[in-house]
Amino acid sequence: MVFITSFQSHILGAVAALLSAFCWAVAAILFRRIGDHVPAMGINLAKGLVAMLFMAVLLLPGFYSSLALVDANSLAALALSGIIGICFGDTLYFLTLMRLGARRTLLLGSLIPVTTAFIAVVFLGEQISALAWFGMSLAIVGVTYVLWQRAPQENTQQQSREKYRSGLFFGLLFVAANALGIIATKVGVADIPALEATFVRQVFAIAGLTFWGLMVRDLLGWVSPLRNGKRLKTLLAASLIGALLGTWLSIVALKYTYAAVAATLNSTSPLFILPLAVFWLKEHVTLREIIGALTAVAGIGLYFSSLSL
């Protein structure tokens, strides 16, 4: 048996959190690559099925005994979380991704912890410190600094400007839906381990997406573009890297280091996406984007660090 010191434990947790953020940055780029050919609902449904399948394999031993401990209220909360946070939230994420690109979408996503905290204060009566409020404000300033501008200069057509604005609209809804999903998850995970809770959320999300597709009579139209082998491979890679590996690494981080440290480092995807955009996608990254991303991540760091004081 290998024993690790407290210092080594925190290093392991920090590395896991950074790797989780990196995984989600890579996954965002991969999902964006197939977004022009596959509807957002189809990507969300297929991603969920892949993640659920692998989680089922990992959780099979003792899974039913864990579910037996879940009461009706927790199950209802997880169901609500899956429908709001994954079914609608992730669909809105992909709609945003197709309109704003990976860099701006991940930057918007950094507002999820801030929005979650605000909802918790207003509706759950939670109390946060002045430092936390300052960190939240700093994160909002960083994101606003990048996004509060005219549509990108290369987009001179009216259609492109409308696409940018609709991306911001979907992005704000994506942030709100994920924040509400997190609040519901917090209620539902009281009596069930994290991975089992994630699986239950995914089951209800897939059920919601399937029902949605049947109601609009376009379920096959959502997934039929994935019959293309290259697109399917890209989706499988993105799902495994993000939804499975990224999620697992975030849980490892929470296990081995302080929650504030793990949450802060998990929020650094907007920083990882910048070098990936330059060296992998050969895109130009502006100074405005770098400053905004650093400011937003610094604000998130201040917010989470205040929780451990």
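Its first residue numbered 0, the sequence shown is counted upward by one per residue in numbering that gives the first Met the number 0.
Glycine residues also receive a C-beta, built at the ideal position from the N, C-alpha and C atoms.
What you are looking at is a predicted structure, and each value in this text was computed from that prediction instead of being measured.
Next on the checklist: Quick check on the DSSP output: the alpha helix (DSSP H) that includes residue 89 runs from which residue to which?
Outcome noted: Element bounds for residue 89: 88-108.
Checklist entry - Of all the options 262, 250, 59, which has the alpha carbon lying nearest to the alpha carbon of residue 109? => result Nearest of 262, 250, 59 to residue 109, Cα basis: 262.
Next on the checklist: For residue 147 and residue 206, I'd like the C-alpha separation in whole angstroms.
Outcome noted: Going by the C-alpha atoms only, they are around 37 Å apart.
Checklist entry - Buried or exposed: where does residue 0 fall if 16 or more other Cβ atoms within 10 Å of its Cβ makes it buried? => result At residue 0, the pLDDT of 47 sits below 50, so the modelled position is not reliable; the number obtained from the coordinates is stated separately. Flag for residue 0 reads exposed.
Checklist entry - So residue 221 and residue 91 are in contact, right, with Cβ under 8 Å, and what is the actual spacing, rounded? => result By a beta-carbon distance limit of 8 Å, residue 221 does not contact residue 91. Their separation comes to about 15 Å.
Item to check | Start and end residues, alpha helix (DSSP H) containing residue 188 | outcome: Following the DSSP letters along the chain, one finds residue 188 in no alpha helix (DSSP H), marked with neither H nor E.
Item to check | Selection from 10, 18, 37 that minimises the alpha carbon distance to residue 229 | outcome: That would be 37, whose Cα lies nearest to the Cα of residue 229.
Checklist entry - Of the residues 29, 282, 199, 5, which one's Cα is nearest the Cα of residue 59? => result Measuring from the Cα of residue 59, the nearest candidate turns out to be 199.
Checklist entry - Does the Cβ of residue 46 have 16 or more other Cβ atoms within 10 Å, making it buried, or fewer, making it exposed? => result A residue is called buried when at least 16 other Cβ atoms come within 10 angstroms of its Cβ; residue 46 meets this threshold and is buried.
Next on the checklist: So for residue 299, helix, strand or coil by DSSP?
Outcome noted: In the structure shown, the three-state DSSP call for residue 299 is helix.
Checklist entry - What residue ranges within the segment 240-299 form continuous alpha helix (DSSP H) runs of no fewer than 4 residues, ordered along the chain? => result Whole alpha helix (DSSP H) segments, 4+ residues: 246-255, 258-265, 268-278.
Item to check | Extent of the continuous alpha helix (DSSP H) run through residue 207 | outcome: Residue 207 -> alpha helix (DSSP H) spans 193-214.
Checklist entry - Taking the Cβ atom as the reference point for each residue, do residue 245 and residue 15 lie within a distance shorter than 8 Å? => result Result no, Cβ atoms of residue 245 and residue 15 do not sit closer than 8 Å.
Item to check | Local conformation of residue 37 per DSSP, three classes | outcome: Reduced to three states, the DSSP call for residue 37 is coil.
Checklist entry - Below 8 Å between beta carbons: does that hold for residue 17 and residue 267? => result Taking 8 Å as the Cβ cut-off, residue 17 and residue 267 qualify as a contacting pair.
Item to check | Distance, residue 227 Cα to residue 310 Cα | outcome: For residue 310 there is no data in the structure shown, the boundaries of the chain being 0 and 308.
Checklist entry - Is the segment 289-305 touching the segment 102-117, taking contact as three or more C-beta pairs under 8 Å? => result Touching, per the Cβ criterion.
Next on the checklist: If distances are taken between C-alpha atoms only, which option among 73, 201, 7, 270 comes closest to residue 285?
Outcome noted: The shortest Cα separation from residue 285 among 73, 201, 7, 270 belongs to 270.
Checklist entry - Is residue 126 helix, strand or coil when you go by DSSP? => result Secondary structure of residue 126 (DSSP, three-state): coil.
Item to check | For residue 177, three-class secondary structure by DSSP | outcome: DSSP places residue 177 within a helical segment (H, G or I) once states are collapsed to three.
Checklist entry - CA-CA distance, residue 40 and residue 219? => result Answer to the nearest angstrom: the Cα atoms are 11 Å apart.
Item to check | Chain-order list of residues whose beta-carbon lies under 8 Å from that of residue 131 (same chain, five-residue window excluded) | outcome: Here the set comprises 116, 301, 302, 305, 306.
Item to check | 6 Å CB neighbourhood of residue 134 in its chain, flanking five on each side removed | outcome: Excluding residues within five positions, the ones whose Cβ falls inside 6 Å are 298, 301, 302.
Item to check | Three-state class that DSSP yields for residue 224 in the structure shown | outcome: Of the three classes helix, strand and coil, the one that applies to residue 224 here is helix, per DSSP.
Next on the checklist: residue 19 and residue 249 - do their beta-carbons sit closer together than 8 Å?
Outcome noted: Less than 8 Å divides the Cβ of residue 249 from the Cβ of residue 19.
Checklist entry - For the alpha helix (DSSP H) that contains residue 80, what are its first and last residues? => result From DSSP, the alpha helix (DSSP H) with residue 80 extends over 71-80.
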